[in-house]
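The structure appears below as structure tokens.
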Amino acid sequence: MGSVSPQEPQKDMEGYYNLLQASSELESTLQQVTVPVSMQEVAGYIEKQVAYISGGRGEDSSVIITLPECSAFSDIPEEALAKVLSYLTLIPRARQPGVKFIIIVDRRLDTWTSIKTALARIAASFPGNLHLVLVLRPTSFFQRTVTDLGFRFSQEDFMLNMPVVMLSSVTDLLCYIDEKQLTSEFGGTLDYCHSDWIVLRTAIESFAVMVKDIAQMLQAFGTELAEMQLSEECNATELLLLSHTEKYRRLKDAIRSVMRDGRQLLSNLETSRKEGHSDTHWDMTQDWDTMQRLLAQLTDMEIAFDGFFDKHHLKLQQYLQLLRYEHSFQELECSLEKLRAQERKIRVTGESLAQTEQTIKELNSLEKRAQEEMSLAQVLILHGHQLATGHHYAMALIIQRCNELRHQCDILTSTLTTKRNILKQVQTLLRRLEEAQCWCDDGAYLLANQQVDKFQSKEGAQTALRDIEKFQEGAPPLLSGGADVLFLEYESVLNPYLQDHIGKAFEKHNSVRALIQSRQNCLRKLADKHVRPVQLVVPRPENPPRSKSPLFSPKHDFNSSLKFTFDLPLPGKRASRKSPNSRKIEVIHDYQTPSCLPYSVDGEDGTDHLKRHVMNELIETERIYVEELLAVLLGYRAEMDNPSLASLIPTSLCNKRDVLFGNLPEIFNFHSSVFLQDLESCQDTPEAVGACFLNRKENFHLYECYCQNKPRSESLWRQFSDCLFFQECQKKLEHKLALDSYLLKPVQRLTKYQLLLKELLKYSSGCERISELQGALAAMLDLLKSVNDSMHQIAITGYEGDLGDLGRVLMQGSFNVWISHKKGPTRVKELARFKPMQRHLFLHERALLFCKRREDHRENAEKTPSYSFKHCLKMSAVGITEKIKGDVKKFEIWYSGREEVYVIQAPTVEVKIAWLNEIRKILTNQQKLLKEELCHSAVFSEQMQLSPTLSVSKQQRASVSSEGTESGHSSPDTLSCSTQHQQNRCSWPGAPYSVDICEGLEDWNGANGLSYLSDNEGDDANHLFPGRYRAFADWQKNSSDNLIIKCGDVIQLQHEEHYGQWQVKNLSRRQEGRIPTTNLQGILGDSIKIHSTWLGDPGNRKARKLSSP
0 MGSVSPQEPQ
10 KDMEGYYNLL
20 QASSELESTL
30 QQVTVPVSMQ
40 EVAGYIEKQV
50 AYISGGRGED
60 SSVIITLPEC
70 SAFSDIPEEA
80 LAKVLSYLTL
90 IPRARQPGVK
100 FIIIVDRRLD
110 TWTSIKTALA
120 RIAASFPGNL
130 HLVLVLRPTS
140 FFQRTVTDLG
150 FRFSQEDFML
160 NMPVVMLSSV
170 TDLLCYIDEK
180 QLTSEFGGTL
190 DYCHSDWIVL
200 RTAIESFAVM
210 VKDIAQMLQA
220 FGTELAEMQL
230 SEECNATELL
240 LLSHTEKYRR
250 LKDAIRSVMR
260 DGRQLLSNLE
270 TSRKEGHSDT
280 HWDMTQDWDT
290 MQRLLAQLTD
300 MEIAFDGFFD
310 KHHLKLQQYL
320 QLLRYEHSFQ
330 ELECSLEKLR
340 AQERKIRVTG
350 ESLAQTEQTI
360 KELNSLEKRA
370 QEEMSLAQVL
380 ILHGHQLATG
390 HHYAMALIIQ
400 RCNELRHQCD
410 ILTSTLTTKR
420 NILKQVQTLL
430 RRLEEAQCWC
440 DDGAYLLANQ
450 QVDKFQSKEG
460 AQTALRDIEK
470 FQEGAPPLLS
480 GGADVLFLEY
490 ESVLNPYLQD
500 HIGKAFEKHN
510 SVRALIQSRQ
520 NCLRKLADKH
530 VRPVQLVVPR
540 PENPPRSKSP
550 LFSPKHDFNS
560 SLKFTFDLPL
570 PGKRASRKSP
580 NSRKIEVIHD
590 YQTPSCLPYS
600 VDGEDGTDHL
610 KRHVMNELIE
620 TERIYVEELL
630 AVLLGYRAEM
640 DNPSLASLIP
650 TSLCNKRDVL
660 FGNLPEIFNF
670 HSSVFLQDLE
680 SCQDTPEAVG
690 ACFLNRKENF
700 HLYECYCQNK
710 PRSESLWRQF
720 SDCLFFQECQ
730 KKLEHKLALD
740 SYLLKPVQRL
750 TKYQLLLKEL
760 LKYSSGCERI
770 SELQGALAAM
780 LDLLKSVNDS
790 MHQIAITGYE
800 GDLGDLGRVL
810 MQGSFNVWIS
820 HKKGPTRVKE
830 LARFKPMQRH
840 LFLHERALLF
850 CKRREDHREN
860 AEKTPSYSFK
870 HCLKMSAVGI
880 TEKIKGDVKK
890 FEIWYSGREE
900 VYVIQAPTVE
910 VKIAWLNEIR
920 KILTNQQKLL
930 KEELCHSAVF
940 SEQMQLSPTL
950 SVSKQQRASV
960 SSEGTESGHS
970 SPDTLSCSTQ
980 HQQNRCSWPG
990 APYSVDICEG
1000 LEDWNGANGL
1010 SYLSDNEGDD
1020 ANHLFPGRYR
1030 AFADWQKNSS
1040 DNLIIKCGDV
1050 IQLQHEEHYG
1060 QWQVKNLSRR
1070 QEGRIPTTNL
1080 QGILGDSIKI
1090 HSTWLGDPGN
1100 RKARKLSSP
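Counting along the sequence shown from 1, when you hit position 808 you're at 807 in numbering that gives the first Met the number 0, and nothing is skipped either side.
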């Protein structure tokens, strides 16, 4: 099994959400303690007692802010005063939103100017809900009088901004505020120490900042834990575990420190609260409540964080355990796989007993190592069960791993046991054969050592007979059953070596048995009659000639790979191998492919059988094809990402996988998941397979991309074919052929389809769905042609544009080409060229390319030709003439109103007809598209209706364009043309059945019968006539008309003005304006001459007017 990434633990999102909720509650409480302006920012002015909050409250629980006597009040900057007032008002507002404020301005020792300044600055800077301003006016008589007068005249101004009450003394102040809410300087009993208040506020704000920092750190650490990506490396996970533990410890220390400071601050508040009266120390009580709630929420957040971290820490520890377990599993799995590989290398050949015993020793050693590894596997299995019983989050995966290890151990044990049993059987057989061989040697030795002179007496003969019979009684049981019984007994372990040993043993036994029988017959004769003693010369013992074993007769040629024949006697028979009761088994190996198997079937049943046979072959070969593609993708392409093989891949090959394999994955996906299922659904109805090919016709265009990439792939393969990586992959896959042979499979498969479809068509005559089969075959042949054309297209060099913009390649081939230019210096040069040029033409949907074929014949050069781009003709300006006098293989392609004429000579008439048909289709399609475009034009409604005569003429010309062939026979429409129409076309020598040009190009006014201009036609060539033309140049008029003409636009000349200008409509852009005649001649170019030529006959002028809209 391959390496599998360990299963990551699920995130404890519930604990994380609890932590976020606790953090949110803590943040809301902190907002009641902290204010945007800190004590540090206003500490200097607060210490100077510019203003302070004593804790007293007025009516409606309004907070009292006191502005005591301050000689430098007017010197305080506006921004500083605004900050002080904002700070003092934010503290109560954070606790009680919408609270009202009362300001006491103590100016008993000051002047009216100071009071006025203070009131103005309060009105401009006070940020809260100001309920009342109480002013203690100066006590001196003069300043009091000035203040009364000044306030009387300014009262309306102050009252507009805030309610101001001018008080004469402290006694008046008691009318508005209870004395318990006033400090001693105002005759009240409220205990207030400004320095203590500053210390307390500083402590509270510092504590709030620390709590906020702790909360942010806890939240950030919790987010880090929740969004953490785990590594698959044990060391990295261990470091992560240690890092998290250290962070957790530091956070806990910080939390304890903050909690300690908070409890101390709470204790101080508790003491202050108890010393004072709760009714007069509202702020103290609220601070104590807030601190109490803040500490409680901080504790809750700490508890939530501890719970979240504990779960995360446990999951991380379990993940580390799983990583280590997975690592041990992979190592043990690899070891077991190596043991299985070593077990497979142990071959049971049975060449000799010594070799077999050596193999058994190797197997014993392997079993010993296997026992060690399986002991480790048992320990790992036990550890896995312990992890599972400990409620590990990956319990299912761990149990699966335990089962896999147990299964692999069982397989290894089973294979080792099976191989041991086989080796034991082979060893037993070889020992028995060796025993039989020894018995035969002993028998020959016995016969050789018997003394012949003692045979002369009856007793001597009988003694010798008894010795031989006694020796035969000790014959091994193996020899008594015969070779056939031995074959049956050891059938499961037999191989050619053992069969050879058995044959030799029984061949030797037959030879010895024949000698013994001969000796016994002789001794029996001597024992039955008395023979006169004769001195005999004991002959030198010699081995009798061995008889050839039947096993080695010609019909037992074991070297033959096609035919094996065995004669097996019936069980229990001891007859000869040639006995009539023997069974003869003949095994024939036929290596013919199914498609080559002979059939001799007749009738409809036979035809159906042949169709099913072809269909079965199509399905079976498709399955094999899919399997081979999968083997290449997994065994080569996927292995390029295998880190263990990265060292075998050259650096320059690493990033070229897509070049080497092309779009092979897409081809595999199509065949495995789509096309194979389609074919299998047609197994019982072979005639339905045509629909499969037609429905998936577009998918087969994947092969075009693959084949276009094939030259690059082959070049890359030739460069790295000796790479160790490919050799290693081929060795793993046990492929006899290299990768390049398998990369050729898609091309071979593509050609195989049309062959099988032809076979299926041959047996499907009269079938209802034969048209689908024919369509499928045509589609496959078109695909092969398209692939071939695209392979040639990618070899084009020198073309500066994008070949994809020219459309699909329809035809390509080599031709002889003559070029003729109508005017210019190139005309003389081209007229002097009598030898044709060799050009390779590529017919695209929107252009015709002329290229020169080039081949590199040097050694080690690319065998595929290349094509140098020479010229390009846009199909929108192309016309053709199908017949050229003197050569049936020639035709003309002319460009821009015969400005350029290309005489093309095809290799055969068939090629010429095929090209003309394709060009005719392109031109006809252009004509249809242009007509559709004009049908949507608003100008079309103004066109005049064609006369019946001209309409018939156009229909006839259209018939000639679409049906003209090289056969020389005219169509009925062509023969019915009027005499005038034949005269109009007579200027095309020998081309009565030509496609002159698509309607809607240069010949909008019926100039389908265009010809070369003769010399006497030049005078009328520049005359302009109303009608439609194609523009050959751009033109723009800078006037109120804003008439714009671009090359290719269709324009209509309406009438000529008296001052040398023409009224013109641009039908393509729906514009109208005037153009001078001289400019118009340059815009229209040769279309004027073509138009004038056709209008040269007065009889045609009437037709011209009728055809002009």
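All C-beta atoms in this analysis are idealised placements derived from N, C-alpha and C, irrespective of residue type, glycine included.
As the structure is a prediction and not an experimental result, all values here were calculated from the model.
Residue i, buried or exposed, once every other Cβ within 10 Å from all chains shown has been counted against 16
i, result
"Thr978", "Any reading at Thr978 must be qualified, since the residue scores a pLDDT of 36, below 50, and its modelled position is unreliable; the value itself is stated next. Classification of Thr978: exposed, given that the 10 Å Cβ count is below 16."
"Tyr444", "exposed"
"Pro685", "buried"
"Ile467", "buried"
"Gln534", "For Gln534, the predicted model reports a pLDDT of 42, less than 50, meaning its position is unreliable and no value from the coordinates is stated."
"Asn520", "exposed"
"Gly878", "buried"
"Val3", "Caution is warranted here: a pLDDT of 44 is assigned to Val3, below 50, making its placement in the model unreliable, and no coordinate value can be reported."
"Cys174", "exposed"
"Asp1048", "buried"
"Asp109", "buried"
Whole-angstrom C-beta distance between residue j and residue i, which should lie under 8 Å
i, j, result
"Ala913", "Met874", "Actually they do not touch by this definition, with Cβ atoms about 17 Å apart."
"Gln1060", "Arg1068", "Not confirmed; about 19 Å, so no contact."
"Ser153", "Lys115", "7 Å"
"Lys82", "Val36", "6 Å"
"Leu265", "Met290", "5 Å"
"Phe890", "Lys911", "6 Å"
"Gly349", "Leu429", "7 Å"
"Glu679", "Ile618", "6 Å"
Run of the alpha helix (DSSP H) containing residue i, from where it starts to where it stops
i, result
"Asp212", "His193 to Ala225"
"Asp499", "Pro495 to Asp527"
"Ser680", "Leu675 to Ser680"
"Asn363", "Leu352 to Thr388"
"Gln407", "Met394 to Asn448"
"Val1110", "The displayed coordinates of the chain run from 0 to 1108. Any statement about residue 1110 would go beyond what the structure contains."
"Lys82", "Glu77 to Arg94"
According to DSSP, residues forming a beta bridge with residue i
i, result
"Pro476", "Answer is none; Pro476 lacks a bridge partner."
"Leu872", "Leu847"
"His612", "His612 pairs with nothing; no bridge assigned."
"His1054", "Gln1062"
"Val1121", "With the chain running from 0 to 1108 in the structure shown, residue 1121 is simply not present."
"His839", "Ser813 and Cys850"
"Trp1034", "Ile1044"
"Tyr866", "Ile795 and Arg852"
"Ser819", "Val900"
"Leu189", "Thr182"
"Lys889", "Gln904"
First through last residue of the beta strand (DSSP E) which encompasses residue i
i, result
"His700", "That residue, His700, is in no beta strand (DSSP E); it is neither H nor E in DSSP."
"Glu178", "Careful: Glu178 lies outside any beta strand (DSSP E) and carries neither H nor E."
"Leu166", "Val163 to Leu166"
"Asn128", "Asn128 to Leu135"
"Gly1072", "Gln1070 to Pro1075"
"Gly1026", "Gly1026 to Arg1029"
Report the start-end ranges of each beta strand (DSSP E) in the segment 30–75 that is 3 residues or longer and not cut off at the edges.
51–56 and 62–66
What residue ranges within the segment 726–799 form continuous alpha helix (DSSP H) runs of no fewer than 4 residues, ordered along the chain?
738–742, 744–761 and 769–792
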